[in-house]
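Student: Provided herewith is a single structure, encoded as structure tokens, for subsequent inquiry.
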Amino acid sequence: MHLLQVGKSTGSTKPAVFLDCGIHAREWISPAFCQWFVNEAVTTYGTDPEMTRLLDEMNVFVLPVFNIDGYDYTWNRDRMWRKTRSKNSGSSCIGTDPNRNFDAGWCTVGASSNPCSDTYCGPKVESEIEVKNVADFIRKNKSTIKAYLTIHSYSQLLLFPYSYTYELAADHNELMSVAEGAAEVLTSLHGTRYTSGPGASTIYLAAGGSDDWAYDLGVKYSYTFELRDTGRYGFLLPESQIKPTCEETMLAVKYIAAHVLRNL
Ligand SMILES: Nc1ncc(C[C@H](C[SeH])C(=O)O)cc1Cl
Ligand SMILES: [Zn+2]
Ligand SMILES: [Zn+2]
Ligand SMILES: [Zn+2]
């Protein structure tokens, strides 16, 4: 797994944002966005004031493709694959849903203990090496990581904790207002409409997700993006929509990062 560090200096104790893409293999617009983000960062640093400030004051860790084996599988075998490609002992079914494999109410709701299910929670917490690697990194750097952003598709949603319970997060009001502000600036570019809210009530009750786990670890600004569209093309978003989707998502990510900076 290749984790990129976008920022002025390596190994510093500067506050950081962790951004991951491609946790679900078929959500191709997600890795496209991480690529876009890195390109925007390196090409607009020094000219765009917001990006310059962001990269001067913070480090941004970017994991362009979280679920590498699954992503490759969608290119070469099954375009609609979602999970990892790990072997499940005692079953001929392959893979675990990496977004049900984190230690956050693991396998209690909205996940399956059937290895053949697309939302299989895995044989145990962090059974997937990809999940363990990300969890280990964030645990190790939790004193500097101030925001966790994980990019998915589709539905046009900006979700935040919790998904594993209907209980409101301690920081619900702040997380909601930041999400609404981010969604508004996103809409301002091409008119794309987003819904903001806690995962449980906004999409579905589900446990083991990375955003809930990061939030409970202490990463306050923890968001899941569900990018375009709302179902017309779904995971098969046309190539013509990659650029506009990335442009508008960029605005939302910069909005959240600016809020984090103001509240360090
Ligand atoms: N904590 C979470 N946050 C967001 C979601 C929605 C994504 C959308 Se593809 C998923 O189903 O894994 C699911 C969970 Cl469990
Ligand atoms: Zn997803
Ligand atoms: Zn999704
Ligand atoms: Zn545009």
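Letter 201 of the sequence shown, counting from 1, is numbered 201 in my numbering, and no numbers are missing.
Glycine included, every Cβ here is placed at the ideal spot set by N, Cα and C.
Using the rule of at least 16 other Cβ atoms within 10 Å of the residue's Cβ for burial, across every protein chain shown, is D212 buried or exposed?
Tutor: By 1-based counting over the sequence shown, the position of residue 212 is 212. In the assembly as shown, D212 is a buried residue. Its beta-carbon has 16 or more other beta-carbons within 10 Å.
Student: Spell out whether any CB of chain C is found under 7 Å from the CB atom of G70.
Tutor: Within the model displayed, chain C is absent; a lone protein chain is all it includes.
Student: Report yes if the C-beta of N99 is less than 6 Å from at least one heavy atom of ligand 1; otherwise report no.
Tutor: The residue labelled residue 99 in the question sits at position 99 within the sequence shown. Checking the Cβ of N99 against ligand 1 gives yes.
Student: Look at the Cβ atom of Q5, then the Cβ atom of F61, and state whether they are nearer than 7 Å.
Tutor: Taking the sequence shown and counting its residues from 1, one reaches residue 5 at position 5. Taking the sequence shown and counting its residues from 1, one reaches residue 61 at position 61. The answer is yes: Cβ separation under 7 Å.
Student: Under the criterion of a Cβ to heavy atom distance below 6 Å, does A169 qualify as lining ligand 1?
Tutor: Here residue 169 refers to the residue found at position 169 of the sequence shown. No, ligand 1 has no heavy atom inside 6 Å of this Cβ.
Student: At which residues does the beta strand (DSSP E) containing L149 begin and terminate?
Tutor: Start at 1 with the first residue of the sequence shown, and residue 149 comes out as number 149. Its beta strand (DSSP E) spans residues I145 to S153.
Student: Could you give the residue range of the beta strand (DSSP E) that holds F235?
Tutor: Looking up residue 235 in the sequence shown gives position 235. Neither: F235 is in no beta strand (DSSP E) and is coded neither H nor E.
Student: Locate the alpha helix (DSSP H) running through G70, then write down its first and last residues.
Tutor: Translated into the one-based positions of the sequence shown, residue 70 becomes position 70. Annotation: the continuous alpha helix (DSSP H) that includes G70 extends over I68 to N76.
Student: In the DSSP output, which residue or residues are listed as bridge partners for E226?
Tutor: Taking the first residue of the sequence shown as position 1, residue 226 is located at position 226. Answer is H152 and L157, bridged to E226.
Student: Beta-carbon within less than 6 Å of E219's beta-carbon, same chain only, minus the 5 sequence neighbours each way: which residues are those?
Tutor: Here the question's residue 219 lines up with position 219 in the sequence shown. It is Val, not Glu, that sits at residue 219 in the sequence shown. Once the five neighbours on either side are set aside, the close Cβ partners of V219 are I145 and Y148.
Student: Please list the segments of the alpha helix (DSSP H) lying wholly inside the segment 8 to 66, counting only runs of 4 or more residues, in order along the chain.
Tutor: If we require 4 residues or more, the alpha helix (DSSP H) runs fully inside the segment 8 to 66 come out as 29 to 44 and 49 to 57.
Student: Which term fits M250, buried or exposed, when burial requires 16 or more other beta carbons within 10 angstroms of its beta carbon?
Tutor: For the purposes of this step, residue 250 is taken as the residue at position 250 of the sequence shown. M250 comes out buried.
Student: Between which residues of its own chain and G209 is the CB-CB distance below 8 Å, once the five residues before and five after are set aside?
Tutor: Taking the sequence shown and counting its residues from 1, one reaches residue 209 at position 209. Cβ within range, chain order: N99, R100, F102, A104, S163, Y164, G199 and T224.
Student: How far does the beta strand (DSSP E) with G90 in it extend, from its first residue to its last?
Tutor: Position 90 of the sequence shown, counted from the first residue, corresponds to residue 90. No beta strand (DSSP E) contains G90, which DSSP labels as neither H nor E.
Student: Please list the terminal residues of the continuous alpha helix (DSSP H) segment that includes G122.
Tutor: Your numbering for residue 122 matches position 122 in the sequence shown. Taken as a continuous stretch (DSSP letters only), G122 belongs to no alpha helix (DSSP H), as it is neither H nor E.
Student: Return helix, strand or coil for P198, following the three-state DSSP convention.
Tutor: Position 198 of the sequence shown, counting from 1, holds the residue named residue 198. Of the three classes helix, strand and coil, the one that applies to P198 here is strand, per DSSP.
Student: Is it the case that the Cβ atoms of D97 and Y71 are separated by a distance below 7 Å?
Tutor: Here residue 97 refers to the residue found at position 97 of the sequence shown. Here residue 71 refers to the residue found at position 71 of the sequence shown. No.
Student: Given this structure, state the Cα-to-Cα distance separating K254 from H2, to the nearest angstrom.
Tutor: Reading the sequence shown from its first residue, position 254 is the one you call residue 254. Reading the sequence shown from its first residue, position 2 is the one you call residue 2. Going by the C-alpha atoms only, they are around 23 Å apart.
Student: What three-state label does DSSP hand V109 in the structure shown?
Tutor: Residue 109 sits at position 109 when you count from the first residue of the sequence shown. Three-state result, V109: coil.
Student: Specify which residues have a beta carbon nearer than 7 Å to any heavy atom of ligand 3, listing them in chain order.
Tutor: H24, E27, H152, S153, Y154, S155 and E226
Student: Alpha carbon to alpha carbon, how far is E27 from S112? Give it in angstroms, no decimals.
Tutor: In the sequence shown, residue 112 corresponds to position 112, counting from 1. In the sequence shown, residue 27 corresponds to position 27, counting from 1. When rounded, the separation of the alpha-carbon atoms in S112 and E27 is 20 Å.
Student: Smallest Cα separation from N114: which of I129, W106, N133 and S91?
Tutor: Reading the sequence shown from its first residue, position 114 is the one you call residue 114. Checking every option, the nearest Cα to that of N114 belongs to S91.
Student: Identify the continuous alpha helix (DSSP H) that holds V134 and give its terminal residues.
Tutor: Within the sequence shown, the letter at position 134 stands for residue 134. Looking at the DSSP string, the run of the alpha helix (DSSP H) that includes V134 is I129 to K140.
Student: For V140, which of F18, C246 and A41 has the nearest alpha-carbon?
Tutor: The residue labelled residue 140 in the question sits at position 140 within the sequence shown. Note that residue 140 is Lys in the sequence shown here, rather than Val. When only C-alpha atoms are compared, the closest one is F18.
Student: Which one of E226, K124 and L55 has the shortest CA to CA distance from V260?
Tutor: As a working mapping, residue 260 is identified with position 260 in the sequence shown. Nearest option by C-alpha distance: L55.
Student: Comparing C-alpha positions only, which one of V185, D69, S155 and L159 sits nearest to E128?
Tutor: By 1-based counting over the sequence shown, the position of residue 128 is 128. D69 is the residue among V185, D69, S155 and L159 whose C-alpha sits nearest the C-alpha of E128.
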